[in-house]
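Residue numbers (my numbering), protein chains in the order written: chain G, 30 to 292; chain L, 30 to 292.
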């Protein structure tokens, strides 16, 4: 009966809707249909992603190309959340992000930067660019580092890649600062997704493949959370020392089956 | 009278003997003569460096070119210390180090690696090389990461550069492991320098520019330690929350003046 009072779902995207990385991707069996069934059910729905290799526009375009019913206004992503923080605090960013993410920051003043925004820059994580971001930070009286996520690594078709969290740790150590993390598992980030959906945490369920960033983060906000056995899921996650999902499901389609049956 | 019982000196090299990075360097005023005076005094002397951008042979050649009286057998450096560890434990390294350091590992078996050795790889810190080192580590049942130092950053003529410690932190985080650090401030490393010199810690003085790696590390081994106001010294070091040198000196020449006067 854990799903009986549910009014809204937050869905992670990569590893839940589709497999593969920024370099491609195929829908996970049943996921396209599952998203349609959630929408037909009247449940509110929000896509909650740490994707920082593309603007939301291009991200949504890719998913629509795979058959998903998704629009830009339904996506909660780190870059727009970071832009809100920059505006609120009068921060001018030095960007170390993927080229394809740069347009999300088009309206930001980038002259004479007083913070560094770090995303999954992929090929832009060069020795020169890392040294440059470091110099900008260490030159500040009080370095401000904003990181779009804290993931350790992810899998692309050509193998595992270090994620933004690893580079965040490098800069944190070099500058003796603590990054402010925007994106999952930040509480603020989940709360803004919930607010956009208009559903309180106790009536929302997060569905994700990442035991720490999806499941643990959502639970700390008062939501229930399911882990799918797709994407970056590993059997060893089921013995995680700190995080225990409210349930395991084989994939998104099974999660949606169970939730809709209980309504 | 803190120097009265001294029988041996450990000298850091970069920032104490000379200024500038791997890309060049000029002797610090009085240092060439100071090394000569120490040798003439009968004090034992050992150069204790975290340099990992060159073999000891090339490192010594560069210093001799600046006028220093120094030979390979007088240098304690991380790469040979790492090689001893690799041999003792039957480890086959995957190297992520500077090209010029590779010859130090010439005799090591590098097939089917069961550990990663990380040095200040400089231009070799590419996205591809970092991902490759990460994949080797994460593929091990119990990842073994050996880091040649844990420095945060250093200064070259074209600006500040991230040091090996920052990349060590990135890999530590991504693989959820703790690196084994060879080089200063590791106790083992100082102890091997002392053993090579044949002097117990209470009769030795470390002279360095790095408040944490030189001064703090040496003091934890029972040595006294002086900080020079050259190299990476910053005035804020004099308010360091954890480390207090036994004395400050303006440079190596002044340190040697004071020590020789007290003998």
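Glycine included, C-beta positions come from ideal geometry on N, C-alpha and C.
Source: prediction; values computed, not measured.
Where residue i meets chain G, residues with beta-carbon distance less than 8 angstroms
| i | result |
| --- | --- |
| residue 189/L | 160, 163, 164, 167 |
Assigned exposure category for residue i - 16 Cβ within 10 Å defines buried
| i | result |
| --- | --- |
| residue 265/L | exposed |
| residue 139/G | exposed |
| residue 207/G | exposed |
| residue 291/L | exposed |
| residue 247/L | buried |
| residue 75/G | buried |
| residue 179/L | buried |
| residue 133/L | buried |
| residue 229/L | exposed |
| residue 205/L | exposed |
| residue 270/L | exposed |
| residue 80/L | buried |
| residue 37/G | buried |
| residue 227/L | exposed |
| residue 215/L | buried |
| residue 102/G | exposed |
| residue 187/G | exposed |
| residue 176/L | buried |
| residue 279/G | exposed |
| residue 157/L | exposed |
| residue 224/L | exposed |
| residue 83/G | buried |
| residue 121/L | exposed |
Proximity test, Cβ basis, 7 angstroms: residue i and chain G
| i | result |
| --- | --- |
| residue 97/L | no |
| residue 156/L | yes |
| residue 195/L | yes |
Test: residue i CB closer than 7 angstroms to a CB of chain L
| i | result |
| --- | --- |
| residue 83/G | no |
| residue 220/G | no |
| residue 182/G | yes |
Bridge partners - residue i, DSSP secondary structure assignment
| i | result |
| --- | --- |
| residue 202/G | None, per the DSSP bridge assignment. |
| residue 236/G | 40/G, 255/G |
| residue 190/G | 183/G |
| residue 66/G | For residue 66/G, which the question treats as bridged, DSSP gives no partner whatsoever. |
| residue 48/L | 55/L |
| residue 209/L | 175/L |
| residue 292/L | Residue 292/L is not bridged to any residue. |
| residue 277/G | 256/G |
| residue 77/L | 105/L |
| residue 145/G | 123/G, 174/G |
Proximal residues of chain L, C-beta to C-beta of residue i below 8 angstroms
| i | result |
| --- | --- |
| residue 152/G | 156 |
Closer than 7 angstroms at the beta carbon, the chain L residues around residue i
| i | result |
| --- | --- |
| residue 198/G | 198, 199, 202 |
Residue i beta carbon near the ligand NAP (any heavy atom closer than 6 angstroms)
| i | result |
| --- | --- |
| residue 173/L | The ligand NAP is not part of the structure shown, which contains no ligands of any sort. |
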